[in-house]
Amino acid sequence: MSNISVYVDDVTHQPVYGASNADLRRFHDKYEGHDDGGDDGSPLGHPTGAAARHGRAHTRRARDLQSKRHHLRELQEWEYTTAITQRRWANPGPVGLLGFGMTTILLNLHNSGHFSLNTPIPAMGICFGGGAQLIAGLLEWTRGNTFAYVAFTSYGAFWLSLVCVWMLPNASTGGAPAVQPGNQYFIGIYLSLWGVFSFFMMLCTLRMNVAIFLVFLTVTLLFLLLGGGNMTNNATALHAAGYEGIVCGSLALYLGVAEVVNEVWDRTVLPVVPMTQLLGWFGAGKHGDDSAAAHAATPDSGDAAPKKISGE
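Pasting the structure below:
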């Protein structure tokens with residue numbers, strides 16, 4: 001019997017013997033992808049269906065893989081766009097400034113002798129001076145603004161504590177008050193401590209702008225005058241503190257309105273005068289110091305002022 005060599009896709013197979021070489025060639029053709037149209041009903045015709053199913057499955061896998069790659073590309077583009085797009089946060093500073101300023105004006109209209117201590121003052125102290133400032137401070141915390149966070153939450157807590165000083169002695173339902181009213185000297189110490197706190201906060205504003213510096217300068221003087229007047233029982237000092245407090249509240253009110261107006265109009269309508277500009281007027285600013293202070297005063301820096309204490 002002669003030797004027969006079978007060639008499939010240029011691959012030479014070993015010679016085979018016998019009459020079954022045609023079936024063997026058909027076997028090689030089907031599994032190498034060269035179907036010669038043999039009978040599907042033969043025992044060797046079954047792989048044709050398996051190969052077709054395998055081809056369809058391969059096509060589905062390729063299509064699924066292409067779809068996944070497309071979705072992955074879209075996700076990567078979205079992540080990149082999100083990463084390079086700067087998120088715009090609302091500035092909570094004006095709310096805190098307005099709450100502080102308006103409540104301070106109301107209280108010091110009483111301190112200056114124009115009005116008695118009646119309901120609007122503690123109501124403003126709880127809702128606007130206390131609550132609104134606390135909320136503004138927490139929002140500044142989410143923005144990473146340490147100075148504004150400390151200032152707003154602290155002064156918001158001050159207003160709430162002051163209302164408690166007024167109201168707790170009257171909160172008892174029995175014959176004797178649950179909390180004894182503070183004597184005037186002790187209240188003077190309480191107010192003086194807030195003056196010390198305000199003084200150190202004022203030192204931080206030397207790198208910000210003139211408006212916020214004046215707010216903290218006047219609030220420091222206000223607390224010290226109120227503290228000294230209460231400790232010495234000096235009515236003149238208390239009345240002077242009342243007028244000085246009206247100035248302090250007006251400055252805070254101006255700064256809060258300036259922040260809103262300047263942002264809405266996207267230009268300086270109500271100036272707050274950056275400290276670097278003030279130093280430039282007096283010829284005292286050095287290039288290095290100016291650039292460092294300007295960086296601290298810009299809204300994009302981590303030290304952006306409480307009340308958006310920006311230099312703009």
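For the sequence shown, full-length UniProt numbering gives the first residue as 1, with consecutive numbering after it. Every residue, glycine too, gets a C-beta built ideally from N, C-alpha and C.
Let me know the secondary structure DSSP gives residue i once reduced to three states.
i	result
Pro-274	strand
Asn-230	helix
Asn-91	coil
Asn-108	helix
Asn-209	strand
Thr-268	coil
His-114	coil
Thr-85	coil
Gly-283	coil
Asn-170	helix
Pro-299	Confidence at Pro-299 is low in this model, with a pLDDT of 43, below 50, so the placement of that residue is unreliable and no value is reported for it.
Is any beta-carbon of chain D found at less than 9 Å from that of residue i?
i	result
Met-208	Going by chain labels, chain D is absent from the structure shown, which holds only one protein chain.
Tell whether a beta-carbon distance below 9 Å holds between residue i and residue j.
i	j	result
Gly-99	Ala-148	no
Ile-126	Val-163	yes
Leu-107	Leu-134	no
Leu-253	Leu-97	yes
Gly-249	Met-102	yes
Phe-199	Thr-220	yes
Gly-144	Gly-156	no
Glu-140	Phe-152	yes
Met-201	Phe-216	yes
residue 320	Trp-78	Beyond the ends of the chain as shown, which are 1 and 312, falls residue 320; an answer cannot be given.
Gly-242	His-110	yes
Quick check on the DSSP output: the alpha helix (DSSP H) that includes residue i runs from which residue to which?
i	result
Asn-262	235–265
Ser-161	146–167
Leu-193	184–204
Thr-142	133–142
Ile-121	120–124
For residue i, collect the residues of the same chain with a Cβ closer than 8 Å to its Cβ; drop the 5 residues on either side in sequence, then sort them by chain order.
i	result
residue 332	In this structure the chain extends from 1 to 312, so residue 332 is not present and cannot be described.
Leu-214	Leu-251
For residue i, collect the residues of the same chain with a Cβ closer than 6 Å to its Cβ; drop the 5 residues on either side in sequence, then sort them by chain order.
i	result
Gly-33	Unreliable placement is indicated for Gly-33, whose pLDDT of 47 sits below 50; the coordinate value is still reported in the next sentence. So the list is empty, once near-sequence residues are dropped.
Asn-183	none
Leu-75	none
Ser-192	Gly-227
Pro-43	In this prediction, Pro-43 has a pLDDT of 48, which is less than 50 and means its spatial position is unreliable; nothing more can be read from the coordinates.
Pro-94	Gly-256, Glu-259, Val-260
Using C-beta distances below 7 Å, list every residue in its chain close to residue i, excluding the 5 sequence neighbours before and after it, in chain order.
i	result
Phe-158	Trp-194
Thr-104	Gly-245, Cys-248, Gly-249, Ala-252
Asp-289	In this prediction, Asp-289 scores a pLDDT of 47, lower than 50, which makes its location untrustworthy; no coordinate-derived value is stated.
Ala-237	Leu-225, Gly-228, Gly-229
Glu-263	Asn-91
Note to self: Taking 8 Å as the cut-off, does the stretch 258–266 touch the stretch 212–228 (at least 3 CB pairs, one atom from each stretch)?
What the structure shows: Contact fails between the stretch 212–228 and the stretch 258–266, because fewer than three Cβ pairs, one in each stretch, are under 8 Å apart.
Next item on the list: Specify whether the stretch 84–103 and the stretch 111–119 touch according to this definition: at least 3 beta carbon pairs, one from each stretch, less than 8 Å apart.
Entry: With a cut-off of 8 Å on Cβ pairs, the stretch 84–103 is not in contact with the stretch 111–119, counting fewer than three such pairs.
Check: Taking one C-beta from the stretch 197–213 and one from the stretch 264–280 each time, how about it: are there three or more such pairs within less than 8 Å?
Finding: Yes, the stretch 197–213 touches the stretch 264–280.
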